[in-house]
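Okay, so here's the structure we're looking at.
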Amino acid sequence: MSKSLVLARVGRNSLHHCWIDSGKPRDWDLYLCPFQEIEAQPDIDCTVGEVIPGPKWTGLRQILTTWEGWRDYDYIWLPDDDIFAGQDTISAFFRTARSLQFQLCAPALHESSHYAHYITMRNHSFFARRVGFVEIMVPCFSRAALELLLPTLELSTTGWGWGLDSLWPKRLGYKDVGIIDGVPVLHTRPVGQFRDAGLAQRVNEEADQIHRDEACGQQMVTFAGIGSDLREVLLSPDELLVALAQGWQYLFHRDPKVLRWMVEQQKPFSEWSPYPIAGSPTSPS
Numbered sequence: 031m032s033k034s035l036v037l038a039r040v041g042r043n044s045l046h047h048c049w050i051d052s053g054k055p056r057d058w059d060l061y062l063c064p065f066q067e068i069e070a071q072p073d074i075d076c077t078v079g080e081v082i083p084g085p086k087w088t089g090l091r092q093i094l095t096t097w098e099g100w101r102d103y104d105y106i107w108l109p110d111d112d113i114f115a116g117q118d119t120i121s122a123f124f125r126t127a128r129s130l131q132f133q134l135c136a137p138a139l140h141e142s143s144h145y146a147h148y149i150t151m152r153n154h155s156f157f158a159r160r161v162g163f164v165e166i167m168v169p170c171f172s173r174a175a176l177e178l179l180l181p182t183l184e185l186s187t188t189g190w191g192w193g194l195d196s197l198w199p200k201r202l203g204y205k206d207v208g209i210i211d212g213v214p215v216l217h218t219r220p221v222g223q224f225r226d227a228g229l230a231q232r233v234n235e236e237a238d239q240i241h242r243d244e245a246c247g248q249q250m251v252t253f254a255g256i257g258s259d260l261r262e263v264l265l266s267p268d269e270l271l272v273a274l275a276q277g278w279q280y281l282f283h284r285d286p287k288v289l290r291w292m293v294e295q296q297k298p299f300s301e302w303s304p305y306p307i308a309g310s311p312t313s314p315s
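Using our numbering, read the sequence shown as starting at 31 and increasing by one per residue.
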């Protein structure tokens, strides 16, 4: 059996067809959890579950609490259905997550992606990063992490899941949380769009409630960079800041405010980083 699973909420306009190369073997399985009726998938080797109406996390919560099959896998990726990625990219993502023993991680977003949070975008200075935040758009969990975090899905009564991505890293102690820059995927649609103002208000209020009740927040922090050899690059906080700035130059040209946001987020991280800081008495020599 494959050790990795892609479990995706999909609709009629889903891009999951591009995830599969029918002429090549793959070492991961695909389970589709549709939120509306979709066409039969005879050209795709996958499992199609029953239709569960509603937002992404409404359906995923139901599947994860009623179908035990996901517990047979080491890693479970829960991407949005507007993600463009090839089969080789997904396979490389799973291999890297496993090699780095991440408990919660995501592929970085390609430079051309629509995005909400700069930290999710590909950084050219590193192959991967240890971070304090992984967005709900494309999270991947180890089985153990998903078992631990599964009850948190009950906190999102709207089904949109906003605020959960601030809680998950905290529940994991901000350890083994990562973004893999070397295997980016493309997010093809604008983010944060709602069909009405009332829904937008409820989703935002729910996120604020999770932040208050769980004493958590969006920690857009990179703790360490990882090279293509999958070894951590030992840098002081100032050296890390410079490397991050160099790797996100393309973002600063598009929106100069991103540079200020990054500096503000990175500046205090050494006071609470779960990892040894290069140049400190506890850092590796």
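All C-beta atoms, glycine included, are put in the ideal place defined by N, C-alpha and C. All values derive from a computational prediction rather than experimental measurement.
Next item on the list: Compute the Euclidean distance between the alpha carbons of Lys86 and Asn234, then round it to the nearest angstrom.
Entry: 16 Å
Notebook entry, point to check: Under 9 Å between the Cβ atoms of Gly208 and Val161?
Noted result: yes
Next item on the list: Note the first and the last residue of the continuous alpha helix (DSSP H) segment covering Ser129.
Entry: Gln117 to Leu130
Check: Taking buried to mean at least 16 other C-beta atoms within 10 Å of its own C-beta, is Ser258 buried or exposed?
Finding: exposed
Check: Bridge partners of Asp285, per DSSP?
Finding: The partner list for Asp285 (beta bridge, DSSP) is empty, contrary to what the question assumes.
Check: When burial is assigned at 16 or more other CB atoms within 10 Å of the CB, is Thr95 buried or exposed?
Finding: exposed
Check: Is Lys205 near Asp104, with beta carbons less than 9 Å apart?
Finding: no
Next item on the list: With a threshold of 16 other CB atoms inside 10 Å of the CB of Trp302, please say whether the residue is buried or exposed.
Entry: exposed
Next item on the list: Leaving aside the five residues before and after Ala122 along the sequence, list all residues of the same chain whose C-beta is less than 8 Å from its C-beta, in chain order.
Entry: Gly212 and Val213
Margin query: Quick check: the Cα distance between Gln276 and His283, rounded to an integer number of angstroms?
Written below: 12 Å
Note to self: In the DSSP output, what is Tyr61 paired with across the bridge?
What the structure shows: Leu37 and Thr77
Next item on the list: Kindly indicate if chain D contains any beta-carbon less than 9 Å away from that of Gly84.
Entry: Chain labels in this structure do not include chain D; a single protein chain is all it has.
Checklist line | Continuous alpha helix (DSSP H) stretch holding Leu139: start and end | finding: Unbroken run through Leu139 is the beta strand (DSSP E), Leu134 to Leu139; no alpha helix (DSSP H).
Notebook entry, point to check: Ends of the beta strand (DSSP E) at Val233?
Noted result: Taken as a continuous stretch (DSSP letters only), Val233 belongs to no beta strand (DSSP E), being part of the alpha helix (DSSP H) at Ala227 to Glu244.
Next item on the list: Taking 8 Å as the threshold, find out whether the region 278-294 comes into contact with the region 144-160 through three or more Cβ pairs.
Entry: yes
Next item on the list: Look at the alpha carbon of Leu183 and the alpha carbon of Arg39, and state the distance between them as a whole number of angstroms.
Entry: 15 Å
Notebook entry, point to check: Between which two residues does the beta strand (DSSP E) harbouring Leu264 extend?
Noted result: Segment: none, Leu264 is in no beta strand (DSSP E) and carries neither H nor E.
Notebook entry, point to check: Cα-Cα, which of Arg173, Leu176, Ile210 and Met167 is closest to Gly193?
Noted result: Met167
Next item on the list: Mind listing, in chain order, the continuous beta strand (DSSP E) runs of no fewer than 3 residues lying wholly within the region 184-229?
Entry: 207-217
Next item on the list: Go ahead and label Leu229 buried or exposed: buried means 16 or more other beta carbons lie within 10 angstroms of its beta carbon, across all protein chains shown.
Entry: exposed
Check: Are there three or more Cβ pairs, one per stretch, closer than 8 Å when the region 237-245 is compared with the region 129-149?
Finding: no
Next item on the list: Can you give me the start and stop residues for the alpha helix (DSSP H) that Ile93 sits inside?
Entry: Lys86 to Thr96
Margin query: Quick check on the burial criterion: 16 or more other C-beta atoms within 10 angstroms. Buried or exposed for Leu35?
Written below: buried
Notebook entry, point to check: So the alpha helix (DSSP H) Arg160 belongs to, where does it begin and stop?
Noted result: Arg160 -> not in any alpha helix (DSSP H); beta strand (DSSP E) instead, spanning Ala158 to Val161.
Check: Does the beta-carbon distance from Phe124 to Trp58 come in below 9 Å?
Finding: yes
Margin query: For Pro109, which residues in the same chain have their Cβ closer than 6 Å to its Cβ, ignoring the five residues on either side in sequence?
Written below: Ala38 and Val168
Check: Do Arg84 and Pro64 have their CB atoms nearer than 9 Å?
Finding: Contrary to the premise, residue 84 reads as Gly rather than Arg in this sequence. No. Outside cutoff.
Check: For Trp100, which residues does DSSP report across the bridge?
Finding: DSSP, once it has assigned bridges, lists no residue as partnering Trp100.
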